[in-house]
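Everything below concerns the one structure shown next.
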Amino acid sequence: MEGSDFLLAGVLFLFAAVAAVPLASRLGIGAVLGYLLAGIAIGPWGLGFISDVDEILHFSELGVVFLMFIIGLELNPSKLWQLRRSIFGVGAAQVLLSAALLAGLLMLTDFAWQAAVVGGIGLAMSSTAMALQLMREKGMNRSESGQLGFSVLLFQDLAVIPALALVPLLAGSADEHFDWMKIGMKVLAFVGMSLNLGVLYTHLLWVVISVVVLVAVKILVLYLLARLYGVRSSERMQFAGVLSQGGEFAFVLFSTASSQRLFQGDQMALLLVTVTLSMMTTPLLMKLVDKWLSRQFNGPEEEDEKPWVNDDKPQVIVVGFGRFGQVIGRLLMANKMSITVLERDISAVNLMRKYGYKVYYGDATQVDLLCSAGAEAAESIVITCNEPEDTMKLMEICQQHFPHLHILARARGRVEAHELLQAGVTQFSRETFSSALELGRKTLVTLGMHPHQAQRAQLHFRRLDMRMLRELIPMHADTVQISRAREARRELEEIFQREMQQERRQLDGWDEFE
């Protein structure tokens, strides 16, 4: 590929990625499925912008390198040691059991035993990129099922190298020189581009059955292992569903096996189509799991049983019950306020129900869930989402569908505070600002400043900072903001100097001790 063509392909990738995510979010199918569909759209079986997939594998090489690098950055020896039982216990059991079952099924469909073994191992792998993204979207990172899922994915990644080493042995070419890195990096960043729709048309029934069997076998194995490991019943389906697809490293393994002539005819193409389509089923499957969990948690378990969440209309809806939301919820309940919590972490939902909180499980950006939680009758909604994007999306939904609600929100920092102010939300709290101010006040006292004077300094700083925040909303240039910040610091210094010049002042009841 010439330099200009390579650059054009890069621009197409970026454009497809930028267009795919908002479109997929609007359709409610998730970002990962959006990427897959984008790959199909620009690939040889779509609009044909990329006609030869093999020529653009350099992009996928970078993608895999970055993915594994990021995973490595997030690991530390102490965490690996802590998860050793789940990594080398559940992870190893999942790969071995799934590979054995799938290899046996492939042997029943005219695969040679060597090809069936490679196919079984490849199909046993899950998509690290997809699973981690879905776990983040579903709030599983802090849960037991999320930690177990991460352990399984980590073992699968570790198992790729031994699996690659096994291929030449099965092919009877162990003594031949083999370029592992060249094959090992050939993973498609846009898996959709490799989807051979011709094979899909000619072997439609085989492909459909293969996808169903692959997903079903992996769900069965994962669910049973989660049960043996002691995962709560409410979290098992999430764990099994999020890892039920084939993975990107199957493409590495199958490419290696094809170069060693282990596959015959269309066998490799059929396996690749099966893996790709299984990836597309996962976001849809997780939606079904969410609906099932919503019925389990948000409604009566039996026809004659009253719902756990009663019909009392809440005064306040609290979205998210992490460390930030917990403080708010406890304060409101201590003052006899009626609150309803919306949380998408199942382990947190189980804990809150145990201690008597009224809680709904699910995605708070779904209008029907907000209605079920009593948003139409509530007075206020407190948004404490971890991700600023979720906060802004939920805020827009509330303004559109529930305009009577008083919206209060958590802001991660000044940027998020600016966005909230621009959107018309004036009641917000920057998560570290108040605590930092309080600690700063105490620091001033330890340095000899009178407690009353330190308190006034804190209040002056708070007012000035809030005024700066409002004034900087229409200013986008960094130089303008820096200049304005310098002016604000000078103004604050003048305020402090004027106060220091006053030898006496009314202490308003303050004494020498805090």
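Under UniProt numbering, the first residue of the sequence shown carries the number 1, and numbering increases by one thereafter.
The C-beta atom is built at its ideal place from N, Cα and C for all residues, glycine as well.
Gln315 versus Ser78: straight-line alpha-carbon distance, rounded:
Working through the sequence shown from its first residue, we reach residue 315 at position 315. Working through the sequence shown from its first residue, we reach residue 78 at position 78. Roughly 44 Å separates the two Cα atoms.
When you compare the CB positions of Gly149 and Phe239, do they come within less than 8 Å of one another, or not?
Sequence index remark: in the sequence shown, residue 149 carries index 149 (1-based). Sequence index remark: in the sequence shown, residue 239 carries index 239 (1-based). Yes, Cβ-Cβ distance for Gly149 and Phe239 is below 8 Å.
Start and end of the beta strand (DSSP E) containing Ser429?
Along the sequence shown, read from residue 1 onward, the residue named residue 429 stands at position 429. Per DSSP, Ser429 belongs to the beta strand (DSSP E) from Gln427 to Arg430.
Please state whether DSSP places Glu305 in a helix, a strand or coil.
By one-based count along the sequence shown, residue 305 stands at place 305. Reliability of the predicted coordinates at Glu305 is poor, the pLDDT of 42 falling under 50, and the value obtained from them is presented with this limitation in mind. Here Glu305 sits in coil by DSSP.
Whole angstroms are fine: how far does the CA of Leu134 sit from the CA of Leu83?
Taking the sequence shown and counting its residues from 1, one reaches residue 83 at position 83. Taking the sequence shown and counting its residues from 1, one reaches residue 134 at position 134. Cα to Cα, Leu83 sits roughly 21 Å from Leu134.
What residue range does the alpha helix (DSSP H) around Glu471 cover?
As a first step, residue 471 is located in the sequence shown; it is residue number 471 there, counting from the start. Pro451 to Glu471 is the span of the alpha helix (DSSP H), which, as asked, contains Glu471.
Rounded to the nearest angstrom, what separates Arg414 and Arg467 at their Cα positions?
Reading the sequence shown from its first residue, position 414 is the one you call residue 414. Reading the sequence shown from its first residue, position 467 is the one you call residue 467. Taking the straight line joining both Cα atoms gives about 12 Å.
What does the alpha-carbon distance come out to for the pair Tyr229 and Val275?
Translated into the one-based positions of the sequence shown, residue 229 becomes position 229. Translated into the one-based positions of the sequence shown, residue 275 becomes position 275. Distance between the alpha carbons of Tyr229 and Val275: 27 Å.
DSSP puts Ser258 in a beta bridge; with which residues?
For the purposes of this step, residue 258 is taken as residue 258 along the sequence shown, with counting starting at 1. Ser258 pairs with nothing; no bridge assigned.
Euclidean distance between Cα positions of Val117 and Met392:
The count along the sequence shown starts at 1 and reaches residue 117 at position 117. The count along the sequence shown starts at 1 and reaches residue 392 at position 392. Near 48 Å, if we compare the C-alpha coordinates of Met392 and Val117.
With which residues is Arg410 paired in a DSSP beta bridge?
Here residue 410 refers to the residue found at position 410 of the sequence shown. Arg410 is bridged to Ser429.
Terminal residues of the alpha helix (DSSP H) in which Ser294 lies:
On the sequence shown, position 294 is the one that residue 294 refers to. Run containing Ser294: Gln267 to Asn298, per the alpha helix (DSSP H) assignment.
Can you find the residues in the same chain that come closer than 6 Å, C-beta to C-beta, to Gln114, ignoring five residues on each side of it along the sequence?
The count along the sequence shown starts at 1 and reaches residue 114 at position 114. If we look at Gln114 and ignore the five residues flanking it on each side, its Cβ neighbours are Leu170 and Leu262.
Determine the direct distance from the alpha carbon of Ala103 to that of Phe428, and round the result to whole angstroms.
Position 428 of the sequence shown holds residue 428. Position 103 of the sequence shown holds residue 103. If I take the Cα positions, the gap works out to 56 Å.
Anyone know if the C-beta pair for Ala375 and Leu420 falls short of 8 Å?
The residue given as residue 375 occupies position 375 in the sequence shown. The residue given as residue 420 occupies position 420 in the sequence shown. Taking 8 Å as the Cβ cut-off, Ala375 and Leu420 do not qualify as a contacting pair.
Starting from Val152, follow its DSSP beta bridges and name the residues at the other end.
Taking the sequence shown and counting its residues from 1, one reaches residue 152 at position 152. DSSP lists no partner for Val152.
Name the DSSP beta bridge partners of Ile339, please?
On the sequence shown, residue 339 is found 339 positions in, with the first residue counted as 1. DSSP output for Ile339 lists Val316 as bridge partner(s).
Cβ-Cβ separation, Val367 to Glu343 (assumed contact under 8 Å), whole Å
Position 343 of the sequence shown holds residue 343. Position 367 of the sequence shown holds residue 367. Not quite, the Cβ-Cβ distance comes to about 17 Å (not below 8 Å), so this is no contact.
Under 6 Å Cβ to Cβ from His476, same chain only, skipping five residues before and after it: list those, please.
Start at 1 with the first residue of the sequence shown, and residue 476 comes out as number 476. Confidence is the limiting factor: at His476 the pLDDT is only 44, short of 50, which leaves the residue's position unreliable, though a coordinate-based value still follows. The answer is none, since no qualifying residue turns up.
Is the distance from the Cβ of Val289 to the Cβ of Ala131 below 8 Å?
Start at 1 with the first residue of the sequence shown, and residue 289 comes out as number 289. Start at 1 with the first residue of the sequence shown, and residue 131 comes out as number 131. In this structure, Ala131 does not lie closer than 8 Å to Val289 by Cβ.
To which residues of the same chain is Gly320 closer than 6 Å at the C-beta, ignoring the five residues directly before and after it?
Position 320 of the sequence shown, counting from 1, holds the residue named residue 320. Same-chain partners within the cutoff: Thr384 and Cys385.
Starting from Gln223, trace the beta strand (DSSP E) in both directions and tell me its first and last residue.
Reading the sequence shown from its first residue, position 223 is the one you call residue 223. Residue 223 is actually Tyr in this sequence, not Gln. Segment Leu204 to Tyr229 is the alpha helix (DSSP H) holding Tyr223; no beta strand (DSSP E) there.
What is the DSSP secondary structure of Ser145, reduced to helix, strand or coil?
Here residue 145 corresponds to residue number 145 of the sequence shown, with the count starting at 1. DSSP places Ser145 in helix when its eight states are reduced to three.
Any idea what DSSP makes of Ser234, helix, strand or coil?
Indexing the sequence shown from 1 puts residue 234 at position 234. Residue state, collapsed to three classes: helix.
Could you say which of Leu439, Ile407, Phe297 and Gln260 lies nearest to Val167 if we only look at CA atoms?
As a first step, residue 167 is located in the sequence shown; it is residue number 167 there, counting from the start. Looking at the Cα atoms, Gln260 is the closest of the given residues.
According to DSSP, simplified to helix, strand and coil, what is Tyr201?
Numbered from its first residue, the sequence shown carries residue 201 at position 201. Of the three classes helix, strand and coil, the one that applies to Tyr201 here is helix, per DSSP.
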